[in-house]
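First residue of the sequence shown: 388, per the numbering used here; consecutive thereafter. C-beta: ideal position from N, C-alpha, C; glycine also.
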Amino acid sequence: MSKKQDILTASLNLFTEQGARATSTKSIALEAGVSEALIFKHFGTKDNLLEDLIKKGYVEAVRITNQFLNAEKESDFLAQFIELPLHLVTNQFDFWRMQYKILPLNQIAQHYHINFMKPSRSRLIETFEALNYPQSETEAEIVLLLIDNLWKSFVSERLSAETCEEIILLLKKKYGV
388 MSKKQDILTA SLNLFTEQGA RATSTKSIAL EAGVSEALIF KHFGTKDNLL EDLIKKGYVE
448 AVRITNQFLN AEKESDFLAQ FIELPLHLVT NQFDFWRMQY KILPLNQIAQ HYHINFMKPS
508 RSRLIETFEA LNYPQSETEA EIVLLLIDNL WKSFVSERLS AETCEEIILL LKKKYGV
């Protein structure tokens, strides 16, 4: 593993454990086994390091999402979309756990999360319209609220994977998918 990757891995662990504000570049350097100067050489600032980490996480999330959401039929797309949060979190648990902890207070994390979620609302509305739901916008909002809470509840360990899977099955049953 490269020194830069060591820094990213250490920062992911520390940002998740302590939060971005409470984590110093000195503690990242100690965890990564590098000098603090090397962090500044690679990233310039702690905010740049955090943004690089978040950007890489969302690039991977987009890749996973694009592979996972491949259904042509609207009902199949909806089923896959409902399953997506658990699939993403299972594949990138540490990243999503960090996001859960820093998202409410960090503008960088919020910016990337909003951009990641932006296409979902319109695609869900189109899906519900194609499935002849009379309140397609409301149905889309319900699904978005539920899946947002689902991934957060899973990474915070309020819900087990089994409970999340039960909720997913119930949602799919509700929508007949």
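Query	Result
Quick one: what's got a C-beta closer than 6 Å to Thr412's C-beta in the same chain, skipping five residues either side?	Glu423, Ile426, Lys433
Which residues in the same chain have their Cβ closer than 8 Å to the Cβ of Ala448, if we skip the five residues on either side of it in sequence?	Leu475, Gln479, Phe482, Phe503
Quick one: using the 10 Å Cβ neighbour count with 16 as the cut-off for buried, is Asn457 buried or exposed?	exposed
So for Leu492, helix, strand or coil by DSSP?	coil
Please classify Val446 as buried or exposed, where buried requires at least 16 neighbouring CB atoms within 10 angstroms.	exposed
Closest to Glu526 by C-alpha separation, out of Arg510, Gly444, Ser540, would be which residue?	Arg510
Going by Cα to Cα distance, which pick from Ala397, Leu436, Arg408, Thr403 is closest to Leu417?	Ala397
So the candidates are Val421, Asp439, Lys428; which of them puts its Cα closest to the Cα of Phe402?	Asp439
Relative to the alpha-carbon of Ile441, which residue among Lys460, Gln467, Leu395 has its alpha-carbon at the smallest distance?	Leu395
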